[in-house]
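Comments concern the structure below.
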Amino acid sequence: TGAHEEGEGGARPLHLAAVAVHLLALYLATLKILYSVNPADKTLWYILQTHHAFFLLLSLCPFGVNCFYWLLFMFFMDQSDEYQVVSYIISTRTLYLFTYGLLPLLAGFFSFSFCALQNECETAAPGHSD
């Protein structure tokens with residue numbers, strides 16, 4: 003009752019202050035990650051020259067790693083902050099432009115160019131399957 007809780011080992015105090023300290027530490031870590039990913043007062047060159055580039059590289063990882071990254075970023079950000087929401091939307095759309103638009107376009111262009119230069123387009127053309 004009150005500040006104590008009865009259990010198997012007898013009376014033990016509730017550590018509400020310890021829980022509050024842990025929640026505050028988690029909140030501060032979340033803020034640090036958000037600032038590392040998207041600092042409003044720094045440029046892209048600052049991000050690339052510091053340890054913050056790890057988060058940028060993690061956001062560009064292929065094979066679904068970036069999906070988990072952006073999902074966690076969405077949960078960490080403050081959805082009531084308009085700047086964070088707009089920045090999140092622009093960042094994900096830019097990423098999709100590169101990963102699903104420009105990179106496959108360039109891969110197809112260079113594979114077709116290589117095929118045309120080798121004069122093997124009848125058998126090894128991109129998209130050509132037997």
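So the sequence shown is numbered by the working numbering: it starts at 3 and just counts up by one. Ideal Cβ placement from N, Cα and C applies to all residues, glycine included.
- Message: Between Pro41, Leu58, Pro128, Ala27, which has its C-alpha nearest Ala109's C-alpha?
- Response: Within the sequence shown, residue 109 is the residue found at index 107, counting from 1. Here the closest residue by C-alpha is Pro128.
- Message: Pop quiz: Ile49 and Ala55 are said to be a contact at Cβ under 8 Å. What is the actual Cβ separation, rounded to whole angstroms?
- Response: The sequence position of residue 49 within the sequence shown is 47, counting from 1. The sequence position of residue 55 within the sequence shown is 53, counting from 1. Sure, about 6 Å apart at Cβ, within 8 Å.
- Message: Spatial neighbours of Ser89 within its chain, please: C-beta separation below 8 Å, excluding the five flanking residues on both sides.
- Response: Walking along the sequence shown from the start, residue 89 turns up at place 87. Cβ within range, chain order: Asn40.
- Item | CA nearest to the CA of Tyr98, picked from Thr32, Leu74, Gly66, Asp83 | Along the sequence shown, one-based indexing puts residue 98 at 96. Cα-wise, what sits closest to Tyr98 is Gly66.
- Task: Can you say whether Phe191 is buried or exposed, counting buried as having 16 or more other CB atoms within 10 angstroms of its CB?
- Result: Given that the chain is displayed from residue 3 to residue 132, the structure contains no residue 191 and the question cannot be resolved.
- Query: Given that a residue counts as buried once 16 or more other Cβ atoms are within 10 Å of its Cβ, and exposed if not, what is Met76?
  - Reply: For the purposes of this step, residue 76 is taken as the residue at position 74 of the sequence shown. Flag for Met76 reads exposed.
- Query: Do Thr94 and Trp72 come within 7 Å of each other at the CB atom, strictly closer than that value?
  - Reply: Residue 72 sits at position 70 when you count from the first residue of the sequence shown. Residue 94 sits at position 92 when you count from the first residue of the sequence shown. Yes; because the gap between Cβ atoms is below 7 Å, this pair is in contact.
- Query: Span of the alpha helix (DSSP H) holding Glu122?
  - Reply: Position 120 of the sequence shown, counted from the first residue, corresponds to residue 122. That residue, Glu122, is in no alpha helix (DSSP H); it is neither H nor E in DSSP.
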